[in-house]
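Q: Reading the sequence shown from the start, the letters are residues 536 to 653 in the numbering used here. Using N, Cα and C, we set each Cβ at its ideal position, and we do this for glycine too. All values derive from a computational prediction rather than experimental measurement.
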Amino acid sequence: RREVLSLADAASADVARWCQRFNKVQMQASEWARHQISDPDMVSDLAEVWGPVFNDMDEKQKEDFLSSYDFIDEVRRLFGDEIDKLRCLPPDELERPPPSEPGEPPDAERETPQEGAA
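Printed below as a string of C-alpha cells:
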C-alpha cells in the first residue's frame, strides 16, 4: 500500500482513488477471510495448503494472514498493470516539481539574480 501510494503521489496520480481502491479490496479480503475461518472444511483445506504454521495461529492471526494474502493477490490481479506503469516511470518524472502557477514562466525561463550584478 505505502509503496504504491508513494509512487502515485510522486507521479501526481490520483492518490485518493488508489486509497478507495485499496479500501474496497481490503474490505472484500477481510470478509472472505472471516468466511473461510468460519467454515471448518475450509479451515481444514487451508491447513493442508499452509501447513502446521497455519494450525498454530489463533483465529485473529488466521484472519489477518488470509486477509493480507488475498489483498495482495487481488491488488496484483486488478491493478498490476497500472502499478507496473507507476514503477516504470523515470525518476525525473517521479520527482518533478508541481506545475507552475498560471501565467508564471517555466523554471528554465525564470529570471535568476546574477552574481555581481548591481
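(1) Hey, could you find the ends of the alpha helix (DSSP H) residue 536 is sitting in?
(2) Thinking C-beta only, is residue 561 closer than 8 Å to residue 600?
(3) Within this structure, are the beta carbons of residue 598 and residue 572 separated by less than 8 Å?
(4) Given this structure, state the Cα-to-Cα distance separating residue 574 from residue 581, to the nearest angstrom.
(5) Quick one: any contact between the stretch 604-622 and the stretch 551-569, if contact means 3 or more CB pairs under 8 Å?
(6) Enumerate in chain order the residues of its own chain whose CB-to-CB distance from residue 552 is below 7 Å, with the five nearest sequence positions on each side excluded.
(7) Identify, in the order they occur along the chain, each residue of the same chain with its Cβ nearer than 8 Å to the Cβ of residue 613, setting aside the five sequence neighbours on each side.
(8) Could you tell me if residue 541 is buried or exposed, where buried requires 16 or more neighbouring beta carbons within 10 angstroms of its beta carbon?
(9) Could you name each continuous alpha helix (DSSP H) segment of 4 residues or more that falls completely within the stretch 546-598, going from the start of the chain to the end?
(10) Flag this pair as yes or no: are the beta carbons of residue 543 and residue 624 separated by less than 8 Å?
A: Taking the definition as stated:
(1) Position 1 of the sequence shown, counted from the first residue, corresponds to residue 536. Unbroken run through residue 536: none, as it is neither H nor E.
(2) Taking the sequence shown and counting its residues from 1, the one referred to as residue 600 is at position 65. Taking the sequence shown and counting its residues from 1, the one referred to as residue 561 is at position 26. No; because the gap between Cβ atoms is not below 8 Å, this pair is not in contact.
(3) As a position in the sequence shown, residue 598 is number 63, starting the count at 1. As a position in the sequence shown, residue 572 is number 37, starting the count at 1. Going by C-beta atoms, residue 598 is nearer than 8 Å to residue 572.
(4) In the sequence shown, the residue the question calls residue 574 occupies position 39. In the sequence shown, the residue the question calls residue 581 occupies position 46. Rounded to the nearest angstrom, the two C-alpha atoms are 11 Å apart.
(5) yes
(6) Translated into positions along the sequence shown, residue 552 becomes position 17. Within the same chain, residue 552 has no close Cβ partners at all.
(7) In the sequence shown, residue 613 corresponds to position 78, counting from 1. Only 556 and 560 meet the Cβ criterion.
(8) Position 6 of the sequence shown holds residue 541. The residue in question, residue 541, is exposed, as its Cβ has fewer than 16 Cβ neighbours within 10 Å.
(9) Scanning the stretch 546-598 for uninterrupted alpha helix (DSSP H) segments of 4 residues or longer gives 550-573, 575-585 and 587-591, listed from N- to C-terminal end.
(10) Here residue 543 is taken as the residue at index 8 of the sequence shown, counted from 1. Here residue 624 is taken as the residue at index 89 of the sequence shown, counted from 1. No. Outside cutoff.
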